[in-house]
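A.B. asks:
Numbering (the UniProt record's numbering), first residue to last: 1 to 105.
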């Protein structure tokens, strides 16, 4: 693998990735290394958010139903949300990429 610690790939990797993406998903303008780097960064951030949520005591996690917040867990959720606003979208909606990202990370 070309990635170092933390899966930080060098620019040449992202340049090659952009070329490969363009072959299967033709868009205009063509994707560049910076687009791929940005997307990877967003995926990693989302992964870290979901990973922390999935490990949080008091919540259930699955890739389809997210945290599965119910009336009973609403108070705990509200407190967690104050400190972690990025989890709001995962209240009752999962992230289908979590398992794949977990394998990568």
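C-beta atoms are modelled at their ideal positions from N, C-alpha and C, and glycine is treated no differently. These figures come from a predicted structure and were not determined experimentally.
1) Could you tell me if residue 30 is buried or exposed, where buried requires 16 or more neighbouring beta carbons within 10 angstroms of its beta carbon?
2) Whose C-beta lies closer than 6 Å to the C-beta of residue 64 among residues of the same chain, with five residues either side of it excluded?
3) I want to know whether the stretch 79 to 88 touches the stretch 40 to 56 - three or more CB-CB distances under 8 Å.
4) Near residue 57, what residues of its chain come up, given a Cβ to Cβ distance below 7 Å and the 5 sequence neighbours on each side ignored?
5) Sorted by chain position, which residues of the same chain lie with C-beta nearer than 6 Å to residue 51's C-beta, five sequence neighbours on each side aside?
6) How is residue 38 classed by DSSP in three states: helix, strand or coil?
C.D. replies: Considering the structure as presented:
1) Under this definition residue 30 is an exposed residue.
2) Result list for residue 64: 94, in chain order.
3) The stretch 79 to 88 vs the stretch 40 to 56: in contact.
4) For residue 57, where only same-chain residues beyond five positions count, there are no Cβ hits under 7 Å.
5) The answer is none, since no qualifying residue turns up.
6) Here residue 38 sits in helix by DSSP.
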